[in-house]
Every structure is written in C-alpha cells, then in structure tokens.
Amino acid sequence: MKAPAALLLLSIWLICATPAHAAPEPETLVMGQINLSFYTTSAAVVKEVLQRLGHPVQVVEGNHPDIYGRLGRGEADLLVASWLPNAHGHLQAPIADRLVEAATLYEDARLYWAVPAHVPAEAVASIDDLKKPDVLARMDRRIVGVGPGSGLMKGSERVMQGYGLQQAGYQLDVAPAPEWSKRLADASANGGWMVMPLWQPQYLNALYPLRVLEDPQQVFGVDRAVVVVRKEVWQQLPARSREVLGRVYLGIPLATELERRMMVDGTPAEQVARDWMAANPATVEAWFHE
Numbered sequence: 472m473k474a475p476a477a478l479l480l481l482s483i484w485l486i487c488a489t490p491a492h493a494a495p496e497p498e499t500l501v502m503g504q505i506n507l508s509f510y511t512t513s514a515a516v517v518k519e520v521l522q523r524l525g526h527p528v529q530v531v532e533g534n535h536p537d538i539y540g541r542l543g544r545g546e547a548d549l550l551v552a553s554w555l556p557n558a559h560g561h562l563q564a565p566i567a568d569r570l571v572e573a574a575t576l577y578e579d580a581r582l583y584w585a586v587p588a589h590v591p592a593e594a595v596a597s598i599d600d601l602k603k604p605d606v607l608a609r610m611d612r613r614i615v616g617v618g619p620g621s622g623l624m625k626g627s628e629r630v631m632q633g634y635g636l637q638q639a640g641y642q643l644d645v646a647p648a649p650e651w652s653k654r655l656a657d658a659s660a661n662g663g664w665m666v667m668p669l670w671q672p673q674y675l676n677a678l679y680p681l682r683v684l685e686d687p688q689q690v691f692g693v694d695r696a697v698v699v700v701r702k703e704v705w706q707q708l709p710a711r712s713r714e715v716l717g718r719v720y721l722g723i724p725l726a727t728e729l730e731r732r733m734m735v736d737g738t739p740a741e742q743v744a745r746d747w748m749a750a751n752p753a754t755v756e757a758w759f760h761e
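Listed below in structure tokens is the structure:
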C-alpha cells in the first residue's frame, strides 16, 4: 500500500476509534500559595480536594505582594488564603472586583505582638508597657517579624508609629522565618525578654508558652481566611466543584495542628493533608456529599 493511502486509512481509524462524546481534559488550576508554612498545610488540603474533584493543580509560591500580583495578572487562578478584611485588605482591594470568595477556611484569624510567658505580666501586659524604663532595661529592642509586605509587617509598622516605639529605641526588622522562630526558641530557653510579632493559626503557639500583649489602639483587627478565585475561573468550574470547595472548613485548632505536623514532625504538607483526611472521613464526606 502506498504511503498516502496508508496515512488516510490511519486517520480514518483514529477518527472512528475516538468517541464523539469524549470530554476534554480539565485545565490545570494554578494555585497561589504564600510562602509561610501555615499557608502551605492549609493549601495542601485545598489542593487534595480539587484533585479528588478531577482538577490538576499546579502550585506557585511567593511572598504576599508577589502572589497577589500573580492573581491580578491572571498568572494564578486561586489563592489560599486571603485574610480579610484587615491583614490582606490592602493587597486584595485593587483586584477585589475580579475575585470570588469561594470558601472560608477559618475565622478568628489574628495578628498580634506577644512575649514569652516568663516575662512577668505585671511588668509587660500591654504594648504601651514596652516604653517603661524598667522594661527598656531588659527587653531586646530589636523586634523581628516575617513576611515582607505582609499584614503582620504593615500592622507592626503602624504599631511602632502609633505607640512611639522607635523614639523609645526599638527597631523593627524583617527576617527569614527560621531566624524569626529561632529568636523565640532562644528566648524561651534562656529566659530572655523579647517581643514576638505573631498570629494565629501558627504552630509556635503550640510549642512555647506565650502571652499576647494588649493593644489599646486596636491596630490589629480580626480576620477570616478565605480561598479566593478569579471570577472567570470560578464561572468555568463545574457546579459540583464550586459546591464542594465552598464546604471546606478547617478552623484555627486544626490549621495549627496541620502546620505543627509539618514543621515539628517533618511530614510533607501533602502527606499531612492526606493523613488528616483519611483519619477524618466523616468530615471529608460532608464536604463531598451529593
């Protein structure tokens, strides 16, 4: 048989062998994930849910401004998770009309400043107390936060200004997460006095005795952690995917524990998510019920 005739027969066979009703392969969803560990484990649960619904997922990581920038440019389809209305409000505001709030992963998300519990409460109960002469004599005046451009750092800058802490001799810096957490570990081990910009959910709260400082000026608000999806992507998702994703809820204690398993036990985030879902079938089945 001549080559052209063979090619023609092969083409006809391929056409006939392909079912006319074959569904197209689902497009990969690009999930933006802020590069702090507590986002990583929560995002792993959302990723597992989407994959069980048949959606391939690609994860992109970056700091807060980077991930919101990707979302705005259409380079990411969803974000896990946006803290609204306070911590991430300034980042989401420029693109808010192009996003859908798909699910609330936990409420009572909080940013705050804390001190190790061994710092006496009668000496330091409030951020205002950091300026007292006897506290200044003992306190580490370098206050280190994490996450450039984060709500924690933006809020901490307002705390520094609102309470006049720079004039009192304090300095606010940003450091990589390992250095930031090591400072708390060292102070907890040696009894040092230091200030820890922190939040919940965060696994360090489960490892070290801490006391949250009162914030009379109420610089830090209370948020909810929301999975946000670009509207055009959301509208293209099957109705079942939208329904199931909308039911996913973790809560503060669980989000803290998932991160602890990754950071302290050394379990990869994807395995942490799968292990928890396997151990809690009733909760997961409630998300997926028809």
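For the sequence shown, our numbering begins at 472 and goes up steadily by one. The beta carbon of each residue, even a glycine, is placed where N, CA and C say it ideally should be.
For E628, the three-state secondary structure derived from DSSP is helix. In the three-state reduction of the DSSP assignment, S597 falls in the strand class, which pools E and B. Around V704, the same chain offers D548 as residues with beta carbons nearer than 6 Å, after the five sequence neighbours per side are excluded. Put simply, the backbone Cα of W747 is about 33 Å away from that of R569. Only residues of its own chain outside the window of five on either side were considered, and among them T727, E728 and R731 have a CB closer than 8 Å to the CB of A677, listed in chain order. Relative to H535, the option among V528, G525 and S553 whose CA is nearest is S553. With a 10 Å radius around the Cβ and a threshold of 16 neighbouring Cβ atoms, V719 comes out buried. Nearest to W584 by C-alpha distance, out of Q742, V666 and P739, is V666. Excluding sequence positions up to five before and after Q673, its CB lies within less than 8 Å of the CB of F509, T727 and E730, all in the same chain and listed in chain order. In the DSSP annotation of this structure, the continuous segment of the alpha helix (DSSP H) that includes Y539 starts and ends at H535 to R544.
Within the region 640-715, the complete beta strand (DSSP E) segments of 3 residues or longer fall at 642-645, 667-671, 681-683 and 693-701, listed in chain order. Taking C-beta atoms as the reference points, L550 and G503 count as a pair closer than 8 Å. Linking A710 to R701 through their CA atoms gives a straight-line distance of about 15 Å.
Taking all protein chains in view, the Cβ of E593 is surrounded by fewer than 16 other Cβ atoms within 10 Å, so the residue is classified as exposed. Boundaries of the alpha helix (DSSP H) around G560: G560 to Q563.
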